[in-house]
Amino acid sequence: LLAIIKLVTNIAFYGTVSTDFVSPAGNHLGLWVIGIPVIGGIIVGIMARYGSQAIRGHGIPEAMEQVLFNQSRIPPRLTFLKPLSAAFAIGTGGPFGAEGPIIATGGALGSLVGQVVKTTAVERKTLLAAGAAAGMAATFGCPVAAVLLAIELLLFEYRARSVIPVALASATATAVRMAFVGSAPMFPMVDLVSPSGLAMAGYIVLGAFLGIASVGVTKGVYWVEDTFEKLPIHWMWWPAIGAVFVGVVGYFAPRTLGVGYDIIEQLVQGELGWKVIAVLAVMKLISWTFSLGSGTSGGTLAPLFIIGGGFGATLGYFGTVAFPGMGLDIRLAALVGMAAMFAGASRALLASVVFAFEVTMQPIGLLPLLAGCSASFMVSALFMRNSIMTEKIARRGIKVASEYSVDYLDQVLVGAVASRPPVTLDASQDVGSARMFFRGLEHYHQGFPVVDKNGKLIGLVMRREIMDPTLSDVDLRVSDLIWRPPVVAYEENTLREAADLMVSERVGRLPVVARANPRKVVGIITRSDLLDAHLKRIQGVTKAEQQLSLPVPDVLKLHERAENSLKEALRRADRGRRARRESRGHGPRSDH
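Anchor point for the sequence shown: position 250 equals 659 in our numbering, and the numbering is continuous, going up by one each time.
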């Protein structure tokens, strides 16, 4: 992909056939430079309309959509359509990086393998994430950050079954990269000096400002996208219209054209003056916002790094002027700005920190990076519900999980909540005596384990089956109503395992048995028990953590009110049964 981008760049801006790197900024096309991105936009629009509309966008949200909605099945044609469309968009001056399309291409390749080989949806998701992580690792030489990005944005889980394959794929891709281009960091920096306490405070404030900026950048991109949606022309032409802004900005600021990796390197090395940095950051922001909002094919990482690095370096410069004794380093401020912008926009906190470290190999920058990115993440979370990666999906009415926590049901054992002792039925008793037994019960149970004369479990029957008026009271035994082997849960099973078993077996209750004696019933667990188990979780949730529309006390009041209503309804039903029995001349039941 990088070679194709270089080839298109040489042909479009210099009329030469070469795969050597050359920046579009050195062109001598004059006003004609405005038309080059427009040609690229037209090509992308045609490829999207007649090839696949999925090539539009910056790669990661589209991969997330396939994971969430399509069982990680990406159409095979995207494996070559996405990199080709990105090559034309970037090679003709699009202000994007190659990492987004490479991530999307790697994900498409992983999904393709998962479709050719017989796999489950979970395994395809892992393959997709492995391909995406390998693509990012191969581009930047950042294997750990690539794994973290896959965990934070694609896998929606942290399990050995998914993390290990993704980590192996990322390590393999990085090793292949090293064989081709060596092991030098992508953006080398001179050695830094450990920041003082005052400087650390400055980087935290800088990160907070970048968090605000990331919110503005995200809202700006989607405002432009909404504006394009209102245009009375087919979306195929939108990339060309967005490319007009790219061309105009590129005419006045040629260095905004193309991927801009050289600009990132100059930012972290401190080779640019603050005025140049500020102008580049603003112009890149304008160009990238309108181009990405038009629905063309491109990436987000490199533009956000340039914009964030520019803002960070500018703020760092003013910080050194206003507070010369603070000890701020403009190069480190640029690095923190890069990572903080991406952390605030994507909410991938750990991936942002580790990425900035791996592409520079400056361990001294880790602490300022962690502080600045955390501040940016916090501010972004306070002011923006969704990230730049999830906003498009959220607009379709789908909630994308961005926070991982241990499943509460996975922490509670069946033995801790099972009802004991269980109410059982004797397999040999007739249906009539079972009905009389039910009328004497204080609680309104629905299902009952059935045991033989030795107390061994042989099945389970429902109250409605016993009370069926078409059944004979005497001719049938309780054991005659058992139609399937018992489905049981062990005391050491978790409630999550019990819930999954209920769903897979289509039952609402499970007899609970001990592992040492699986035919001995020690309790019973129902769907209501699973719901009641959540009460402790709700009671332990603080007001700041919960996302319920009602406060926790109100939820508990509603639960208590519902329980009282159910008891009252059962009492009324029991009084109605007694009245009907007396009206038939049977008289009141002495055994009630």
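Backbone N, C-alpha and C fix where the C-beta goes; we use that ideal spot for every residue, glycine too.
Asked: Minimum C-alpha distance to I716 - residue among G625, Y817, G509 and A610; Found: G625
Asked: DSSP-derived helix/strand/coil call for T1030; Found: There is simply no residue 1030 to check, as the chain begins at 410 and stops at 1001 in what is shown.
Asked: Rounded distance between the beta-carbons of M747 and A765, thought under 8 Å; Found: 6 Å
Asked: Among T636, G439, L410 and Y726, the one whose alpha carbon lies nearest that of T428; Found: L410
Asked: Residue from I455, M473, G454 and V442 whose Cα sits closest to the Cα of I797; Found: M473
Asked: At least three beta-carbon pairs within less than 8 Å, the segment 595 to 610 to the segment 733 to 745; Found: yes
Asked: Paired residues, beta bridge with V921 - DSSP; Found: A898 and G932
Asked: Contact under 7 Å by Cβ, L741 with G719; Found: no
Asked: Neighbourhood of I452 by C-beta distance below 7 Å, restricted to the same chain and skipping five residues each side; Found: F497
Asked: Exposed unless 16 or more other CB atoms sit within 10 angstroms - verdict on L521; Found: buried
Asked: V553 versus V763 - alpha carbon distance; Found: 7 Å
Asked: Contacts around I420, its chain only, beta-carbon distance under 7 Å, and the 5 residues preceding and following it disregarded; Found: V426
Asked: Q956, buried or exposed, once every other Cβ within 10 Å from all chains shown has been counted against 16; Found: No answer about Q956 holds up, because its pLDDT of 49 lies below 50 and its placement is not dependable.
Asked: Pairwise C-alpha distance: D635 and A622; Found: 20 Å
Asked: Distance, L940 Cα to V688 Cα; Found: 57 Å
Asked: Own chain partners of E812 with C-beta closer than 8 Å, once the 5 adjacent residues on each side are dropped; Found: none
Asked: C-alpha gap between V417 and R946, whole angstroms; Found: 58 Å
Asked: Other residues of its chain near R829: CB distance less than 6 Å, five sequence neighbours each side excluded; Found: G932
Asked: Pairwise C-alpha distance: G616 and G728; Found: 13 Å
Asked: Beta-carbon contacts of V633 that lie in its chain and below 6 Å, excluding the five residues immediately before and after; Found: T698, F699 and G702
Asked: Close beta carbons around R905, own chain, < 8 Å, minus the five adjacent residues each side; Found: D816, L818 and D819
Asked: Distance, G806 Cα to V768 Cα; Found: 37 Å
Asked: Test item: CB-CB of P433 and G502 under 7 Å; Found: yes
Asked: C-alpha gap between I560 and C551, whole angstroms; Found: 14 Å
Asked: Alpha-carbon spacing of S461 relative to P492, whole angstroms; Found: 12 Å
Asked: Rounded distance between the beta-carbons of V476 and K534, thought under 8 Å; Found: 5 Å
Asked: Residue nearest to W441 in terms of C-alpha spacing, selected from D861, S706, R918 and Y660; Found: Y660
Asked: Euclidean distance between Cα positions of A743 and G707; Found: 23 Å
Asked: Whole-Å CB distance - P504 paired with G656, under 8 Å assumed; Found: Between G656 and P504 the Cβ distance is about 11 Å, and since that is not below 8 Å, they are no contact.
Asked: L724 - DSSP class collapsed to helix/strand/coil; Found: helix
Asked: From H854, G620, A547 and L676, residue whose alpha carbon lies closest to that of A588; Found: A547
Asked: Beta-bridge partners of S828, as assigned by DSSP; Found: I933
Asked: Test item: CB-CB of I867 and A843 under 7 Å; Found: no
Asked: Those residues which DSSP pairs with L866 across a bridge; Found: V860
Asked: Cβ neighbours of I483 in the same chain (closer than 8 Å, five flanking residues each side left out); Found: A463, A472, Q475, G516, A517, S520, L521 and L537
Asked: Beta-carbon spacing of V897, P920 below 7 Å; Found: yes
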